[in-house]
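Residue numbers (our numbering), protein chains in the order written: chain A, 253 to 564; chain B, 16 to 298. Where a beta carbon is used, it is the ideal one built from N, C-alpha and C, also for glycine.
#1: Can a CB atom of chain A be found closer than 8 Å to the CB of residue 61 of chain B?
#2: Rounded to the nearest angstrom, what separates residue 539 of chain A and residue 363 of chain A at their Cα positions?
#3: Below 8 Å between beta carbons: does that hold for residue 156 of chain B and residue 232 of chain B?
#4: Please classify residue 327 of chain A: is it buried, with 16 or more other beta-carbons within 10 angstroms of its beta-carbon, or exposed?
#5: Which residue from A/366, A/279, A/434 and A/337 puts its Cα closest to that of residue 42 of chain B?
#6: Which chain A residues are close to residue 122 of chain B, counting only those with a beta carbon under 7 Å from its beta carbon?
#7: Residue 157 of chain B CB to nearest chain A CB: under 8 Å?
#8: In this structure, how does DSSP classify residue 267 of chain A when only helix, strand and coil are distinguished?
#9: Taking C-alpha atoms, which residue in A/551, A/536 and A/448 lies nearest to residue 321 of chain A?
#10: Of all the CB atoms in chain A, is at least one closer than 8 Å to the CB of residue 108 of chain B?
#11: Chain A beta carbons: is any one of them nearer than 8 Å to that of residue 38 of chain B?
#12: Run down chain A in chain order and give the residues with a C-beta less than 8 Å from the C-beta of residue 24 of chain B.
#13: If you draw a straight line from the C-alpha of residue 201 of chain A to the C-alpha of residue 395 of chain A, how long is it?
#14: Between which two residues does the alpha helix (DSSP H) containing residue 380 of chain A stretch?
#15: Taking Cβ positions only, does residue 195 of chain B come closer than 8 Å to chain A?
#16: Does any CB atom of chain A fall closer than 8 Å to the CB of residue 31 of chain B?
#17: Reducing DSSP to helix, strand and coil, say where residue 304 of chain A ends up.
#18: Roughly how many angstroms separate the alpha carbons of residue 521 of chain A and residue 234 of chain B, rounded to a whole number?
#19: Using a cut-off of 8 Å between C-beta atoms, extract the partners of residue 486 of chain A located in chain B.
#20: What residue range does the alpha helix (DSSP H) around residue 193 of chain B cover?
#21: Could you please tell me which residues of the stretch 40–51 of chain B, in chain order, have their CB closer than 9 Å to any CB of chain A?
#22: Just to check my reading of the structure: residue 90 of chain B and residue 244 of chain B have Cβ atoms closer than 8 Å, yes? What is that Cβ distance to the nearest angstrom?
#23: Going by the C-beta, is residue 194 of chain B closer than 7 Å to any heavy atom of the ligand HEM?
#24: Let me know the secondary structure DSSP gives residue 319 of chain A once reduced to three states.
#25: Looking at the secondary structure, which residues open and close the alpha helix (DSSP H) in which residue 361 of chain A lies?
#26: Here's the rule I'm using: 16 or more other beta-carbon atoms within 10 Å means buried, otherwise exposed. How should residue 341 of chain A be labelled?
#27: For a contact defined as C-beta to C-beta under 7 Å, what are the partners of residue 266 of chain A on chain B?
#28: With the cut-off set at 8 Å, would you say residue 169 of chain B and residue 131 of chain B are in Cβ contact?
#29: Of the residues that make up the stretch 524–546 of chain A, which ones have a beta carbon closer than 7 Å to any beta carbon in chain D?
#30: Starting from residue 113 of chain B, find everything on chain A with Cβ-Cβ shorter than 8 Å and list it in chain order.
#31: Is residue 327 of chain A helix, strand or coil by DSSP?
#32: Taking Cβ-Cβ distances below 8 Å as the criterion, which residues of the stretch 285–316 of chain A are in contact with chain B?
#33: Residue 166 of chain B touches chain A at which residues, Cβ-Cβ below 9 Å?
#34: Quick one: which chain B residues come within Cβ less than 7 Å of residue 384 of chain A?
#35: Run through chain B and tell me which residues come within less than 7 Å of residue 349 of chain A, C-beta to C-beta.
#36: Distance check for residue 280 of chain A and residue 191 of chain B, CA to CA, integer angstroms please.
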């Protein structure tokens, strides 16, 4: 009899325990739902006033209470595109160096160093970008690009250091470790037999990497690139410091620009009128939707890749 | 198939290897460049005032950031008190009860989404949710924003670490008649201790350098923290405000704060790594 009693209290205590842990999971779920609902609710005024034209209108005028997100969205897309174009090839080369070329001990140390780039808080990138890297860009890199490309549309205007290109390059360094980590794992997962048969046919290291390793792991690399993309689009402080905070859309990459995150960081605390605030929150909503889609896409993609490769 | 001369192929190979080596070196160079800059400019800002005094108006000597240091500690501890237990609970649920149920799968998926959500969006969310209805910025809304950032990190690592504990350990504890909660808290937790510590430290490291979620929640203040209901000084927002100011002495303080943040984050990462290594050495 006593045993039965004990068992039932045990069951009850376990049910309570399960319920308590379930609360944690449910709260996590509720936060995401509440986040989405709150963003929609709080941007209601702007949604109603501007409708869909908010997305492509280029006017951002707090005095006349006219708001359009085009300049911020444009800046986010272009700075992210610069970062991706630089970071993906760099990551592939770094992964090739770490997996194929460097001796293992070396490779571990260098790999840790690259990972540390991810540990740096984004405001530190901002400080370094504003006070050290932007002047460096203005003095060396931008005149250099002007020399090579002449006065092409992309590199017009005075080399002031701050602007779209500098923001894109700093983003490159910030997402590099994320893409490199995935690429390196993908490279290391390619079966030795596959690589060795290519070597056996007389292929060079570069040929094996380009034609065997990258092709074998291309889906994993794409997944890693998506993870980096998600990071780059939402990056705030580093971009805010160096992008220049201008709501004009200009083709030149030397010109100051703006991104969704920089607009939010710079203007949110000052927005006093309800419509201004609501427009800023709608900007946040746009950003959330973009990152949500990218994250979800990357997640589903990587899961499918893992399943097909057979690694859990 | 196209035939290419061996010399051409070899030189291509050397070129690519060179580029690969250069890429890795570039990554390390940037890391070194940032570290050296922060170290040299940060150390120049340090004196006893920096750690013991309140900030002064620009141009006045003798100011410090003691209030911001205290405020950042306060925010991080408060956030940890909320985010860590909830994260642990969610992690336990996912690992021990959720398994492959649809509900658990969707929680897992949304945890990943939350982990990748830009921190500034979390700031806006907490603003619309806590700051706007109450009508003022406050320390606890800042702490809530940071806690939301910690939650998914702790939950994910907890689940991963609990999953790594061998099934036999669970089964033997249950076979001895221990209830589930005892098994989890006294057997599995003990075995996964260093892994859990790593998760918690990573979460703390992640939020202690965050700026964006605090901009519209905890804001900043030139005074000592005077209550959870008030805006509270913190290092990262101070860096942002001071760096954007035209005053050289404020910018110097911003570098000092940057060094402090960098060192704490790196130290937390280092300790979390050591905890993991220790785990691997004695299984």
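Looking at the coordinates:
#1: no
#2: 31 Å
#3: yes
#4: buried
#5: A/366
#6: 277, 280 and 281
#7: With 8 Å as the cut-off, residue 157 of chain B does not count as an interface residue toward chain A.
#8: Here DSSP, grouped into helix, strand and coil, assigns residue 267 of chain A to helix.
#9: Taking only the C-alpha atoms, the option nearest residue 321 of chain A is A/536.
#10: At least one chain A Cβ lies under 8 Å of residue 108 of chain B.
#11: yes
#12: 456 and 459, listed in chain order.
#13: Absent from the structure is residue 201 of chain A, since the part of chain A shown begins at 253 and ends at 564.
#14: Note, residue 380 of chain A: alpha helix (DSSP H), 374–380.
#15: yes
#16: yes
#17: helix
#18: 9 Å
#19: 131, 132, 133, 134, 135 and 136
#20: Run containing residue 193 of chain B: none; DSSP gives neither H nor E here.
#21: So the list reads 40, 41, 42, 43, 45, 46, 47, 48, 49 and 50, given in the order they occur along the chain.
#22: In this structure residue 90 of chain B is not in contact with residue 244 of chain B, their Cβ atoms being roughly 14 Å apart against a cut-off of 8 Å.
#23: This structure lacks the ligand HEM; in fact it carries no ligand of any kind.
#24: strand
#25: Residue 361 of chain A: member of the alpha helix (DSSP H) spanning 356–371, first to last residue.
#26: So residue 341 of chain A counts as exposed.
#27: 194, 195 and 196
#28: no
#29: You won't find chain D in this structure, because its protein chains are A and B.
#30: 277
#31: helix
#32: 286, 287, 290, 291, 293 and 294
#33: 276, 279, 280 and 283
#34: 52
#35: 35, 36, 38 and 39
#36: 33 Å
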